[in-house]
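As structure tokens, the structure follows; a few thoughts come after it.
Numbering (the UniProt record's numbering), first residue to last: 1 to 99.
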């Protein structure tokens, strides 16, 4: 599995002798250190982008809720105005007797 990870990330293999010794930064091949830094930077970038996406999604959901709230309010106003228009067009029988 270690060999697969080494190959996948284009790292230089560490010899058996190095595996037995403590792995210190000075003993690692320079290419491995550079690759490790790149991988760390990429991971940090992914985390930042994920956070930005989460914020954008939350903002969109907030706008969606506000939009739905305003639509509902406008629907209620339209319904109220429609009722008032109907009252003006067709007064009730009670109003007819009063005139």
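For every residue, glycine included, the Cβ atom is placed at its ideal position computed from N, Cα and C.
Taking the C-alpha atoms as reference points, what is the distance between residue 60 and residue 78? 27 angstroms
Backbone CA spacing between residue 34 and residue 55 [nearest angstrom]: 32 angstroms
Return the chain-ordered list of same chain residues with a C-beta closer than 6 angstroms to the C-beta of residue 71, the five sequence neighbours on each side being excluded. none
Spatial distance of residue 85 from residue 66 (CA atoms): 28 angstroms
What are the start and end residues of each continuous beta strand (DSSP E) run of 3 or more residues lying completely inside the segment 48-77, in chain order? none
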